[in-house]
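Contents: one structure, followed by commentary.
Residue numbers (the numbering used here): 1 to 218.
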């Protein structure tokens with residue numbers, strides 16, 4: 001099976017969680033779009049893309065503090081959203097399943113950008129919605145992160161990507177909030193959780209990439 005694992009970094013969050021994708025003026029902009037296309041049967045890296053995106057607005061300081069991306073970086077090294085989306089569209093259609101941590105948010109971000117570009121988003125093919133897998137939703141019970149409610153009792157929170165990695169591998173990786181690092185962490189978690197296989201120990205290229213973006217692994 002071919003899985004496409006992707007992540008976005010943005011200028012912020014939508015105004016509310018009820019904001020529809022058609023209210024594009026109330027949504028942030030993508031400033032980094034990264035993904036890996038991976039064959040889970042042959043353990044082959046089929047494609048890897050990491051793009052800073054030219055941003056039409058000033059990136060808020062609060063967002064830069066999280067992901068480190070400034071307008072000066074995107075002006076120097078960024079590509080247009082249309083160029084990145086062309087490449088992304090091609091690999092989405094090559095895949096069997098789309099994977100992300102909080103896939104709903106990242107998927108909707110891409111849909112918003114497609115609406116701004118007046119183009120079809122890539123998540124429907126031949127009239128069918130591309131299957132998705134959310135590592136955040138699927139691993140909630142496994143991580144079992146119990147937290148106190150504000151007034152009474154407890155609840156189980158959704159795990160952050162680094163918390164899922166810690167639950168699976170016993171340590172917290174570096175590089176969180178760089179989209180490429182998060183893609184590598186997400187792919188590693190997905191393969192371990194679904195296939196009980198550590199992809200960094202089965203693919204030399206991915207092991208080198210993981211060390212580069214996320215630090216030494218164990």
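A virtual CB, placed ideally from N, CA and C, is assigned to each residue, including glycine.
As the structure is a computational prediction, the values presented were derived from the model and not from experiment.
{"Check": "Stretch pair the region 127–144 + the region 181–198: three plus CB contacts closer than 8 Å", "Outcome": "yes"}
{"Check": "Per DSSP, cross-strand counterpart(s) of residue 103", "Outcome": "According to DSSP, residue 103 bridges with nothing at all."}
{"Check": "Rounded distance between the beta-carbons of residue 156 and residue 145, thought under 8 Å", "Outcome": "6 Å"}
{"Check": "Buried or exposed by the 16-neighbour rule on C-beta atoms within 10 Å, applied to residue 182", "Outcome": "buried"}
{"Check": "Same chain only: Cβ atoms within 6 Å of residue 108, ignoring 5 sequence neighbours per side", "Outcome": "21"}
{"Check": "Residue 147, buried or exposed, once every other Cβ within 10 Å from all chains shown has been counted against 16", "Outcome": "exposed"}
{"Check": "Nonlocal neighbours in the same chain, by C-beta distance under 7 Å from residue 56, ignoring five residues either side", "Outcome": "29"}
{"Check": "Spatial distance of residue 1 from residue 131 (CA atoms)", "Outcome": "12 Å"}
{"Check": "Contact the region 59–76 vs the region 88–104: 3+ CB pairs below 8 Å", "Outcome": "no"}
{"Check": "For residue 55, three-class secondary structure by DSSP", "Outcome": "coil"}
{"Check": "Inter-residue Cα distance where the pair is residue 250 and residue 5", "Outcome": "Since the first and last residues shown for the chain are 1 and 218, residue 250 lies out of range."}
{"Check": "Rounded separation between residue 75 and residue 129 - CA only", "Outcome": "34 Å"}
{"Check": "Residue from 93, 53, 209 and 83 with nearest C-alpha to residue 69", "Outcome": "53"}
{"Check": "Best match in 201, 91 and 189 for proximity to residue 50 [C-alpha to C-alpha]", "Outcome": "91"}
{"Check": "Residue 32 beta carbon near the ligand PLP (any heavy atom closer than 7 Å)", "Outcome": "Only the bare structure without any ligand can be found here, which leaves the ligand PLP out of the picture."}
{"Check": "Alpha carbon of residue 172 to alpha carbon of residue 119, nearest angstrom", "Outcome": "39 Å"}
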